[in-house]
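This report refers to the structure that appears directly beneath it.
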Amino acid sequence: MWLVLTAQAIPLYLSEIAPPSYRGGLNMMFSINIAFGIFAGNLVNYLAAHIHPWGWRLSLAMAGVPAISITFAGLFLVDTPSHLIRRNEHERAKQVLVKVRGHRDIEREYKELVKAVDEAALMDPRKAFQNLLKKRNTPQVVMAIALPFFQQFSGNDAILFYGPFLFKAAGLGAQASLYSTVITGSVAVVGTLISIFIVDKAGRRTILLASSLIMFLCMVIK
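Note that the working numbering gives residue 845 to position 56 of the sequence shown, counting from 1, and the numbers run on in steps of one.
Given below as structure tokens:
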């Protein structure tokens, strides 16, 4: 449960704290860390499998490293300007903007954040679901609900989490199955790295359409 909450909170925090021109790249940094973590986990499992009989304990203990790192790193994070504005702590919001932007020319961005927070406050929370289903909100529904649903429905996580069992069922040996998951993780890291460097130039929509087409062609060829 806590893993799911953390996975949802980090992109939200990045979106609120990042400058608009770098928002795509910084959000992709979250994805690259996930991809690298999966790759590192698969690599540790592959190497730990050669240590008998306590290799699995090493593999399990290594999972605590990122958890501890996230906990201590969170102690140094500041509240986002939007969150502070919602709490009417406007001076602190300005101080945070100056701190994270590295300059004092933040009035324009601050006013835009205040406007966005005020507009959100005018919405009736009891009609939030009804407003979500209106035609003008179709892009938001697609991005927030449809895309994550079909991403999970594609079986991506099943391959990542149960890769060794799937490869072993396909006829590979135990060691070869673990090695195959390392290759799968490395491909994810490379693909995410490419996205980081082009997302703010090519645009998120272009990358989404191109990657969806490539995935479709790969599934047809397979």
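Glycine residues also receive a C-beta, built at the ideal position from the N, C-alpha and C atoms.
Note that the structure is predicted; figures quoted are calculated from it, not measured.
Whole-Å CB distance - residue i paired with residue j, under 8 angstroms assumed
{"i": "residue 799", "j": "residue 949", "result": "Between residue 949 and residue 799 the Cβ distance is about 18 angstroms, and since that is not below 8 angstroms, they are no contact."}
{"i": "residue 988", "j": "residue 813", "result": "4 angstroms"}
{"i": "residue 1031", "j": "residue 838", "result": "Only positions 790 to 1011 of the chain appear in the structure, and residue 1031 is not among them; the question remains open."}
{"i": "residue 878", "j": "residue 886", "result": "With 8 angstroms as the limit, residue 878 and residue 886 do not qualify as a contact, their Cβ atoms being about 12 angstroms apart."}
{"i": "residue 867", "j": "residue 888", "result": "7 angstroms"}
Residue i and residue j closer than 8 angstroms at C-beta
{"i": "residue 821", "j": "residue 973", "result": "no"}
{"i": "residue 738", "j": "residue 890", "result": "Examination of residue 738 is not possible in this model, given that the chain is present from 790 through 1011 alone."}
{"i": "residue 902", "j": "residue 874", "result": "yes"}
{"i": "residue 871", "j": "residue 833", "result": "no"}
{"i": "residue 1018", "j": "residue 803", "result": "Because the chain here runs from 790 to 1011, residue 1018 falls outside it and cannot be looked at."}
{"i": "residue 869", "j": "residue 908", "result": "no"}
{"i": "residue 912", "j": "residue 920", "result": "yes"}
Burial state of residue i, where buried means 16 or more other Cβ atoms lie within 10 Å
{"i": "residue 817", "result": "buried"}
{"i": "residue 790", "result": "Reliability of the predicted coordinates at residue 790 is poor, the pLDDT of 48 falling under 50, and no value is obtained from them."}
{"i": "residue 862", "result": "exposed"}
{"i": "residue 1009", "result": "exposed"}
{"i": "residue 831", "result": "buried"}
{"i": "residue 1001", "result": "exposed"}
{"i": "residue 960", "result": "exposed"}
{"i": "residue 971", "result": "buried"}
{"i": "residue 1003", "result": "exposed"}
{"i": "residue 860", "result": "exposed"}
{"i": "residue 811", "result": "exposed"}
{"i": "residue 953", "result": "buried"}
{"i": "residue 1036", "result": "There is simply no residue 1036 to check, as the chain begins at 790 and stops at 1011 in what is shown."}
{"i": "residue 995", "result": "exposed"}
{"i": "residue 977", "result": "buried"}
{"i": "residue 895", "result": "buried"}
{"i": "residue 858", "result": "exposed"}
{"i": "residue 943", "result": "exposed"}
Problem set entry | 4-residue-minimum alpha helix (DSSP H) runs that sit fully inside the stretch 829-879, ordered along the chain | Taking 4 residues as the shortest admissible run, the stretch 829-879 contains the following complete alpha helix (DSSP H) segments, listed from N- to C-terminal end: 844-851, 853-863, 870-875.
Problem set entry | Length-filtered (3 minimum) beta strand (DSSP E) runs lying within the stretch 895-972 | As summarised for the stretch 895-972, there are no continuous beta strand (DSSP E) elements at least 3 residues long confined to that stretch.
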